[in-house]
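Asks: Below are the structure tokens for one structure; questions will follow.
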Amino acid sequence: METILSPPAHSKKPKLQPLLHKDFGSCIPYYDEELGLMQGEAHKRAIIKYAPCFEWIEEKLDLRFLSDQPIWFYNPQKGKQVGIAGDLVLAKQVDVSKITAESILFYMEVVSTDDPRRENRDTIEKKPLCEYNGVPEFGLYFPDLKDERIFQLYRLVNGVYHPVMENESGKWCSEMIEGLCIERLTEDEWKEGVKIQIWFGDEKLLGYAQEVERRKQSEKEKEEAESKWGDAEIARWEAEKKVKALSDKLKALGINPED
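Start counting the sequence shown at 35; every next residue gets the next number (the numbering used here).
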């Protein structure tokens with residue numbers, strides 16, 4: 035049964051306050067403070083593989099990518115705004131130290147199915163919370179190989195989430211992030227945590243983003259090596275210049291520098 039969040043009767047939905055985030059929990063990556071659970075293997079693998087894809091899009095479109103960082107949401111059941119950390123989030127270019135849900139463009143939760151309580155929170159609780167706070171697009175990714183579910187995308191229309199179906203190319207495409215599409219992989223392509231391909235325009239980003247980073251590092255090392263070689267050449271040229279100047283002075287004094 036869907037959870038529906040609504041403000042108290044006869045009251046407006048409170049405006050989120052961009053307060054400085056101070057509660058970062060234990061600082062253990064993706065640790066569930068409330069349930070006392072570490073992240074599972076499928077969740078870890080998914081984050082490792084897909085975070086670079088979103089970082090690539092962040093750079094290309096001048097957005098902000100957040101993962102396991104607090105974002106202010108208003109929770110009407112608690113009657114206050116709370117900091118929620120999303121898994122793979124693309125937001126407007128804002129100060130992330132005070133970011134609120136109003137800046138989110140695309141929110142993707144990597145669902146942990148290793149514990150029913152955590153699965154419920156990732157799905158039954160976070161989806162309506164994002165809907166209530168006006169997050170325009172919300173996705174649920176199921177990385178566990180034992181789970182036949184793959185991906186679900188929802189788009190906000192008049193304040194209510196509606197499921198987005200795969201297009202004729204077999205992709206779920208975002209309207210908020212131009213060029214971003216998600217495609218299911220065939221089962222023989224599945225690996226632990228990896229069941230989808232991330233597209234940006236005509237580029238497949240799964241593995242591509244990591245390769246680009248490797249090339250960047252290689253180029254950087256090459257430039258540094260060339261710079262060091264150039265510095266050495268300049269030093270050699272300066273030394274030769276000084277030797278020649280000294281030789282010319284000696285010759286002017288009638289002294290043979292070879293003697």
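C-beta: ideal position from N, C-alpha, C; glycine also.
1. Taking a contact to mean a Cβ-Cβ separation below 7 Å, would you say ILE216 touches PHE185 in this structure?
2. In the structure shown, what three-state DSSP assignment does VAL169 receive?
3. With a threshold of 6 Å (Cβ to nearest heavy atom), would SER281 be considered close to the ligand ADP?
4. To the nearest whole angstrom, what separates the beta carbons of LEU50 and GLU136, a pair I think is in contact under 8 Å?
5. Rounding to the nearest angstrom, what Cα-Cα distance links LYS78 and SER101 in this structure?
6. Return the residue from the list TRP224, ASN192, LEU239 and LYS229 that minimises the CA-CA distance to GLY6.
7. How about PHE140 and ILE211: are their beta carbons less than 7 Å apart?
8. Under 7 Å, Cβ to Cβ, is there at least one residue of chain C near THR134?
9. If you run the structure through DSSP and keep just helix, strand and coil, what is PHE88?
10. Any idea which residues DSSP pairs VAL123 with across the strands?
11. Within its chain, find whatever has a CB closer than 8 Å to the CB of GLN127; leave out the 5 residues flanking it on each side and keep chain order.
12. From this set, TYR84, TYR108, GLN73 and GLU92, which residue's C-alpha is nearest LYS47's C-alpha?
13. Residue range of the alpha helix (DSSP H) that ARG151 falls in?
14. Any idea if ASN167 is buried or exposed, counting beta-carbon neighbours within 10 angstroms, 16 or more meaning buried?
15. Do ALA80 and GLY227 have their CB atoms nearer than 7 Å?
16. Is LYS262 helix, strand or coil by DSSP?
17. Compare the Cα-Cα distances from VAL123 to each of GLN115, LYS56 and ILE133 and report the closest residue.
18. With a threshold of 8 Å on Cβ separation, who are the neighbours of LEU219 within its own chain once the five nearest residues in sequence on each side are excluded?
19. Assign ALA43 to one of two classes, buried (16 or more other C-beta atoms within 10 Å of its C-beta) or exposed (fewer than that).
Replies: Reading from the atomic positions:
1. yes
2. coil
3. Among the components modelled here there is no ligand, and therefore nothing to report on the ligand ADP.
4. The pair is a contact, with the Cβ atoms about 6 Å apart (cut-off 8 Å).
5. 12 Å
6. Because residue 6 is not part of the residues shown, which for the chain are 35 to 293, the question remains open.
7. In contact: PHE140 and ILE211 (Cβ atoms closer than 7 Å).
8. Protein chains in the displayed structure number just one, and chain C is not present.
9. helix
10. LEU100 and TYR141
11. ASP96, LEU97 and ARG98
12. TYR108
13. 150–154
14. buried
15. yes
16. Here LYS262 sits in helix by DSSP.
17. Nearest of GLN115, LYS56 and ILE133 to VAL123, Cα basis: ILE133.
18. VAL228, LYS229, ILE230 and GLN231
19. Bear in mind that the predicted position of ALA43 carries a pLDDT of just 44, short of 50, making it too unreliable to give a figure here.
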